[in-house]
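In what follows, a structure is listed as structure tokens, so that the remarks can point back to it.
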Amino acid sequence: MFKIAKEFNFDMAHMLDGHDGKCKNLHGHTYKLQVEVAGELVAEGAKRGMVMDYVDLKAIVKTHILDPMDHAFIYDLNSPKESKVANLLIDLDSKVYGIPSRSTAEEMSKYIFDKLREVGLPVTLIRLWETPTSYCEYSQAPHLQAVKNGK
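Residue numbers (numbering that gives the first Met the number 0): 0 to 150.
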């Protein structure tokens with residue numbers, strides 16, 4: 000099996016409602032996102048010898064992750080406080096994007112992994128840098144992948 004990866008950058012704002020530190024306040028980050036996919040090489044045709052074309056990988060990530068999240072306020076759909084901020088921003092014609100969990104690097108990594116899997120990308124690992132020196136890595140345990148695939 001082969002693995003390929005591509006890196007992306009996006010900017011976003013968020014807050015962590017209920018956090019006991021500075022991150023409870025509205026603030027922003029420039030994230031670096033690494034998406035790793037795995038598979039066998041394509042045997043025939045224009046993509047022969049590739050796991051997948053990097054152009055195709057970029058297009059999928061751009062459509063499903065970057066376009067909706069870049070320069071948006073990412074908020075927890077379950078937080079009344081964050082939802083209130085999001086509604087104010089919507090009224091001010093600003094971009095928002097809700098996820099069903101806190102917008103920590105850990106939860107966002109899992110969200111991105113699951114979102115890309117839902118659209119059929121054979122993602123095996125998400126690495127999300129919140130700062131140049133801090134990142135979270137998410138991958139599904141191999142036994143969970145086998146159960147999910149009916150094995």
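All C-beta atoms in this analysis are idealised placements derived from N, C-alpha and C, irrespective of residue type, glycine included.
Asked, Found
"Is it true that the CB of V95 sits closer than 8 Å to the CB of I59?", "no"
"Quick check on the DSSP output: the beta strand (DSSP E) that includes D10 runs from which residue to which?", "1-13"
"Count the CB pairs spanning the region 40-49 and the region 58-75 that are closer than 8 Å, and state whether there are at least three.", "no"
"Just list the beta strand (DSSP E) runs in the region 36-85, keeping only unbroken ones of 3 residues or longer that don't cross its boundaries, in chain order.", "71-75"
"Can you name the start and end residues of the alpha helix (DSSP H) that S108 belongs to?", "104-117"
"For the region 112-131 against the region 9-17, do three or more pairs of beta-carbon atoms, one drawn from each stretch, fall closer than 8 Å, so that the two count as touching?", "no"
"Going straight from the alpha carbon of L88 to that of P79, what length do you get?", "14 Å"
"Using the C-alpha atoms, what's the distance from S138 back to L32?", "14 Å"
"Which one of T123, I125, D75 has the shortest CA to CA distance from G17?", "D75"
"Pull up the distance between the alpha-carbon of K5 and that of I125, whole angstroms please.", "10 Å"
"Just how far apart, CA to CA, sit D55 and V84?", "35 Å"
"Classify H142 as helix, strand or coil using the three-state DSSP reduction.", "Because the pLDDT of H142 is 48, which lies under 50, any placement of that residue in the model is unreliable, and the number read from its coordinates should be weighed accordingly. It is helical."
"Distance, Cα to Cα, E106 vs L65?", "16 Å"
"Give the straight-line distance between the Cα atoms of H142 and L120, rounded to the nearest whole angstrom.", "Residue confidence for H142 is low, a pLDDT of 48 falling below 50, so the modelled location carries little weight; the figure read from the coordinates is stated next. Their backbone Cα atoms lie some 19 Å apart in a straight line."
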